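A.B. asks: In terms of my numbering, the sequence shown has 118 at position 60, counting the first letter as 1, and numbering is strictly consecutive. Built from N, CA and C at the ideal position, the CB exists for glycine as well. None of the values given here were measured: they were computed from a predicted structure.
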Amino acid sequence: MSQQGLDEVLIEGLEVDATIGVYDWEQDIQQKLIIDLTLAWDCQRAGQSDSIDDALDYAAVSQAVERWIQAKPRALIETVAEGIAELLFKDFGVNEVQVKVSKPGAVPTANNVAVKIQRTRVDGPFG
59 MSQQGLDEVL IEGLEVDATI GVYDWEQDIQ QKLIIDLTLA WDCQRAGQSD SIDDALDYAA
119 VSQAVERWIQ AKPRALIETV AEGIAELLFK DFGVNEVQVK VSKPGAVPTA NNVAVKIQRT
179 RVDGPFG
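(1) Start and end of the beta strand (DSSP E) containing Ser160?
(2) What number of angstroms, rounded off, separates the C-alpha of Ala139 from the C-alpha of Gln106?
(3) Contact criterion: CB-CB distance below 8 Å. Does Val67 meet it with respect to chain B?
(4) In terms of residue numbering, what span does the beta strand (DSSP E) encompassing Leu64 cover?
(5) For Gly185, I'd like the list of residues in its chain whose CB is within less than 7 Å of its CB, leaving aside the five on either flank, ordered along the chain.
(6) Rounded to the nearest angstrom, what separates Glu136 and Ile92 at their Cα positions?
(7) Taking 7 Å as the line, does the beta carbon of Arg125 fall inside it for any heavy atom of the ligand NAP?
(8) Which word fits Val151, buried or exposed, when buried means at least 16 other C-beta atoms lie within 10 angstroms of its C-beta?
(9) For Val165, does the three-state DSSP call read helix, strand or coil?
(10) With Trp99 as the anchor, note down where its beta strand (DSSP E) starts and where it stops.
(11) On the three-state DSSP scale, how would you describe Asp75?
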């Protein structure tokens with residue numbers, strides 16, 4: 059996924075309770091979403107300086123993603139994935155991202171339902 063020469067920062071299994079779904083009853087409850095992120099990021103400077111100022115702050119990324127998801131109800135996990143990608147481009151300076159949004163309870167007979175997108179900054183309004 060990563061651009062030539064860039065490393066990756068991964069955030070895996072971020073659990074967020076959200077109001078999500080296309081059915082009326084889903085807009086009255088909270089459901090668990092699981093977010094997996096792969097972010098293209100040059101880790102060399104942080105690795106040499108040992109300073110958070112030179113790193114992609116994955117705690118801040120996780121908190122921002124959680125706040126964005128919980129800010130308002132949404133119908134589709136596709137919308138969640140696209141919104142997360144745009145948030146990461148705009149607020150964290152990431153140039154390439156892979157976002158997987160899982161909704162484990164969506165289909166009772168399936169272990170999981172998910173969408174996975176890969177975007178670069180030129181794919182959206184931040185290019």
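C.D. replies: In terms of the structure at hand:
(1) Numbered from 1 along the sequence shown, position 102 holds the residue referred to as residue 160. Here the beta strand (DSSP E) through Ser160 covers Glu154 to Ser160.
(2) As a working mapping, residue 139 is identified with position 81 in the sequence shown. As a working mapping, residue 106 is identified with position 48 in the sequence shown. If you take the alpha carbons of Ala139 and Gln106, they lie about 32 Å apart.
(3) You won't find chain B in this structure, because it holds only one protein chain.
(4) By 1-based counting over the sequence shown, the position of residue 64 is 6. Element bounds for Leu64: n/a, residue is neither H nor E.
(5) Position 127 of the sequence shown, counted from the start, is the residue given in the question as residue 185. Residue placement at Gly185 is flagged as unreliable, the pLDDT there being 48, under the threshold of 50; a coordinate-derived value is accordingly withheld.
(6) By one-based count along the sequence shown, residue 136 stands at place 78. By one-based count along the sequence shown, residue 92 stands at place 34. Each residue's alpha carbon lies about 13 Å from the other.
(7) No copy of the ligand NAP occurs in the structure displayed, which carries no ligand at all.
(8) Here residue 151 corresponds to residue number 93 of the sequence shown, with the count starting at 1. The identity of residue 151 in the sequence shown is Gly, whereas the question assumes Val. The residue is exposed, with fewer than 16 neighbouring Cβ atoms inside 10 Å.
(9) Sequence index remark: in the sequence shown, residue 165 carries index 107 (1-based). Coil at Val165, not helix or strand.
(10) Reading the sequence shown from its first residue, position 41 is the one you call residue 99. Unbroken beta strand (DSSP E) run through Trp99: Gln89 to Trp99.
(11) Locating residue 75 in the sequence shown gives position 17, where the first residue counts as 1. It is a strand residue.
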